[in-house]
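**Student:** My questions all concern the structure below.
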Amino acid sequence: NAGVMQNPRHLVRRRGQEARLRCSPMKGHSHVYWYRQLPEEGLKFMVYLQKENIIDESGMPKERFSAEFPKEGPSILRIQQVVRGDSAAYFCASSPPEGWGTEAFFGQGTRLTVV
Amino acid sequence: KQEVTQIPAALSVPEGENLVLNCSFTDSAIYNLQWFRQDPGKGLTSLLLIQSSQREQTSGRLNASLDKSSGRSTLYIAASQPGDSATYLCAVRGGSGNTGKLIFGQGTTLQVKP
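In order, the protein sequence lines correspond to chains A and B.
In terms of my numbering, the first sequence opens at residue 835 and continues consecutively.
In terms of my numbering, the second sequence opens at residue 411 and continues consecutively.
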């Protein structure tokens with residue numbers, strides 16, 4: 835059973851471009867969470883999704899950021915018109931559908947650099 | 411609003427020493443608490459998961475305790491080794507009004523000197 839897979843591992847974008855980050859949860863997991871980690875800072879929650887539904891997007895910036903988790907395929911975190919302040923490590927986690935008492939597993943992250 | 415605090419922020423110990431990392435949370439209505447390890451530039455590795463009904467969990471040289479009523483957890487590392495050097499993160503799931511997301515502390519960066 836492969837772990838949580840994120841790609842790409844490293845992404846470089848020029849200011850104003852779009853960044854697409856992908857997350858494939860562990861097999862059988864239907865809950866996905868995205869977090870952002872700025873240099874020398876902790877992990878900040880962004881969004882929590884289940885298949886085809888956004889459950890909690892309270893940590894997502896109101897503009898330029900969006901997330902989806904379609905019925906088929908990976909979860910996508912999309913950042914439009916990137917700015918230097920978007921440079922960070924973005925982590926995805928997944929957990930099984932049996933409820934919130936289950937263990938969450940994280941991917942290796944995507945490190946976004948905006949130049 | 412659930413808040414998680416970890417003390418100390420950094421810790422340096424000689425090899426072989428036993429040590430304790432602390433985590434506190436403000437809302438005791440949690441589902442579980444998870445301890446993670448993060449190496450520089452890497453992802454998070456789950457170390458231990460403690461359910462709200464449990465008092466402790468053990469894995470090898472690691473022991474995590476949970477006192478839900480007082481909002482505290484500790485991670486005990488026995489006979490520390492240089493390979494234990496990393497940042498240790500505590501995360502809780504739950505709290506009044508929480509949708510089930512994990513809320514993290516700022517982490518404790520541990521250095522074990524040979």
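Yeah, the Cβ is synthetic: ideal placement off N, Cα and C, and Gly gets one too.
The structure presented is a predicted model; accordingly, all values stated were derived computationally and were not measured.
1) Using a Cβ-based criterion (distance less than 8 Å to any ligand heavy atom), does threonine 436 (chain B) qualify as near the ligand MG?
2) Using 8 Å as the cut-off, can you tell me whether the region 413–432 of chain B makes contact with the region 894–901 of chain A, which would need three or more C-beta pairs spanning the two stretches below that distance?
3) Can you tell me which of B:Gln412, B:Gly453, B:Gln448 puts its alpha carbon nearest to the alpha carbon of tyrosine 441 (chain B)?
4) Which same chain residues end up closer than 7 Å to aspartate 437 (chain B) when comparing Cβ atoms and leaving out the 5 residues on each side of it in sequence?
5) Can you give the beta carbon distance from glutamine 464 (chain B) to leucine 454 (chain B), rounded, assuming they're within the 8 Å contact cut?
6) Quick one: is lysine 478 (chain B) buried, meaning 16 or more other Cβ sit within 10 Å of its Cβ, or exposed?
7) If contact means a Cβ-Cβ distance below 8 Å, which residues of the region 411–444 of chain B contact chain D?
8) Would you kindly report the start and end of the unbroken beta strand (DSSP E) that includes lysine 885 (chain A)?
9) I need the DSSP call for proline 904 (chain A), collapsed to helix, strand or coil.
10) Give the residues of chain B in contact with phenylalanine 879 (chain A), contact being defined as C-beta atoms less than 9 Å apart.
11) Could you tell me which residues DSSP pairs with methionine 860 (chain A) in its beta bridges?
12) Would you mind giving the Cβ-Cβ distance between leucine 457 (chain B) and leucine 472 (chain B), rounded to the nearest angstrom? I have them listed as a contact below 8 Å.
13) Within 9 Å (strictly less), CB to CB, does leucine 459 (chain B) reach chain A?
14) Does any residue of chain B bring its CB to less than 9 Å from the CB of phenylalanine 903 (chain A)?
15) For isoleucine 889 (chain A), go through chain B and note every residue whose CB falls closer than 9 Å to its CB, in chain order.
16) Tell me which residues share the same chain as leucine 429 (chain B) and place their Cβ nearer than 8 Å to its Cβ, disregarding the 5 neighbours each side in the sequence.
17) For arginine 945 (chain A), would you say it is in contact with chain B, using Cβ-to-Cβ distances shorter than 9 Å as the test?
18) Please report how far the alpha carbon of isoleucine 910 (chain A) lies from the alpha carbon of alanine 474 (chain B), in whole angstroms.
19) Does the CB of glycine 470 (chain B) have a neighbour CB from chain A at under 9 Å?
20) What in chain B is Cβ-close to phenylalanine 899 (chain A), meaning under 7 Å?
21) Specify, as a first and last residue, the run of the beta strand (DSSP E) that asparagine 432 (chain B) falls within.
22) To be precise: take each residue of the region 472–499 of chain B, compare its Cβ to all Cβ atoms of chain A, and keep it if any distance is under 9 Å. Which residues remain?
**Tutor:** Taking the coordinates as given:
1) You won't find the ligand MG in this model; it holds no ligand whatsoever.
2) no
3) Position 31 of the second sequence, counting from 1, holds the residue named residue 441 (chain B). Of B:Gln412, B:Gly453, B:Gln448, the residue nearest in Cα terms is B:Gln412.
4) Position 27 of the second sequence, counted from the start, is the residue given in the question as residue 437 (chain B). These residues qualify, in order along the chain: Gln412, Gly505, Ser506.
5) To locate residue 464 (chain B), count along the second sequence from 1; it is residue 54. To locate residue 454 (chain B), count along the second sequence from 1; it is residue 44. Incorrect: roughly 21 Å between the Cβ atoms, too far for contact.
6) Position 68 of the second sequence, counting from 1, holds the residue named residue 478 (chain B). It is buried - the Cβ of lysine 478 (chain B) has at least 16 other Cβ atoms within 10 Å.
7) Of the protein chains in this structure, namely A and B, none is chain D.
8) Taking the first sequence and counting its residues from 1, the one referred to as residue 885 (chain A) is at position 51. Here lysine 885 (chain A) belongs to no beta strand (DSSP E), and DSSP marks it neither H nor E.
9) As a first step, residue 904 (chain A) is located in the first sequence; it is residue number 70 there, counting from the start. Coil.
10) Residue numbering aside, residue 879 (chain A) sits at position 45 when the first sequence is read from its first letter. In chain order: Lys511, Leu512, Ile513, Phe514.
11) On the first sequence, residue 860 (chain A) is found 26 positions in, with the first residue counted as 1. Per DSSP, none; premise fails for methionine 860 (chain A).
12) On the second sequence, residue 457 (chain B) is found 47 positions in, with the first residue counted as 1. On the second sequence, residue 472 (chain B) is found 62 positions in, with the first residue counted as 1. Rounded, the Cβ-Cβ distance is 6 Å, consistent with contact.
13) Taking the second sequence and counting its residues from 1, one reaches residue 459 (chain B) at position 49. Yes, leucine 459 (chain B) counts as interfacial toward chain A.
14) Mapped onto the first sequence, residue 903 (chain A) falls at position 69. Cβ-Cβ to chain B under 9 Å: no for phenylalanine 903 (chain A).
15) Here residue 889 (chain A) is taken as the residue at index 55 of the first sequence, counted from 1. Within chain B, the residues near isoleucine 889 (chain A) are Thr509, Gly510, Lys511.
16) Locating residue 429 (chain B) in the second sequence gives position 19, counting from the first residue. Correct list, in chain order: Leu421, Val423, Tyr486, Ile487, Ser490, Leu520.
17) Taking the first residue of the first sequence as position 1, residue 945 (chain A) is located at position 111. So yes, arginine 945 (chain A) belongs to the interface.
18) In the first sequence, residue 910 (chain A) corresponds to position 76, counting from 1. In the second sequence, residue 474 (chain B) corresponds to position 64, counting from 1. Cα to Cα, isoleucine 910 (chain A) sits roughly 34 Å from alanine 474 (chain B).
19) In the second sequence, residue 470 (chain B) corresponds to position 60, counting from 1. So no, glycine 470 (chain B) is outside the interface.
20) Here residue 899 (chain A) is taken as the residue at index 65 of the first sequence, counted from 1. Neighbours of phenylalanine 899 (chain A) on chain B: none; closest Cβ ~16 Å, over 7 Å.
21) The residue given as residue 432 (chain B) occupies position 22 in the second sequence. Its beta strand (DSSP E) spans residues 429–435.
22) Leu499
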